[in-house]
Amino acid sequence: MDELSLDGRLDEFRAPIQISGSSLGDAAALKDDATDAPELPGYLVTDVSSVLHDGTWYHLGDEIFLSDKDARPLLARRIIEPSGSKK
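What follows is the structure, encoded as structure tokens:
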């Protein structure tokens, strides 16, 4: 007889896994890490200069998603402009 038996109740309750920083009450609302990240606004790279961000080059017309902190100096120098989209 097989040691791994699937016999038993199918309606058996299993406690959710608790992730640090969350309570068991939040377990039903858990999401992927990607969806927990703050929503970043999109920007279009202008013809002033290309942008190197996280090891990737962005050129004229490319869309890049940045935090306000990262975008502020590039906006001031008109290297990027708001695209209106979010990620």
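For the sequence shown, full-length UniProt numbering begins at 1 and goes up steadily by one.
Glycine residues also receive a C-beta, built at the ideal position from the N, C-alpha and C atoms.
These figures come from a predicted structure and were not determined experimentally.
Among the options, which one has its Cα closest to the Cα of residue i?
i   : options            : result
R77 : S50, S83, G84      : S50
V45 : G55, S85, H59, K87 : H59
E63 : L75, I80, A37, P38 : I80
H53 : F65, K87, G61      : F65
Tell me the DSSP bridge mates of residue i?
i   : result
I80 : V45
K86 : P41
Distance check for residue j and residue i, CA to CA, integer angstroms please.
i   : j   : result
S83 : Y43 : 5 Å
L41 : T56 : The question names Leu, but residue 41 in the sequence shown is Pro. Cα to Cα, P41 sits roughly 18 Å from T56.
D47 : G61 : 8 Å
P73 : S85 : 19 Å
P38 : S67 : 9 Å
Tell me the residue span of the beta strand (DSSP E) that contains residue i.
i   : result
E63 : 63–65
H53 : 51–53
Looking at the ligand GDP, does it come within less than 6 Å of residue i, judged from the CB to the closest heavy atom?
i   : result
L44 : Looking for the ligand GDP in the displayed structure turns up nothing, as the structure carries no ligands at all.
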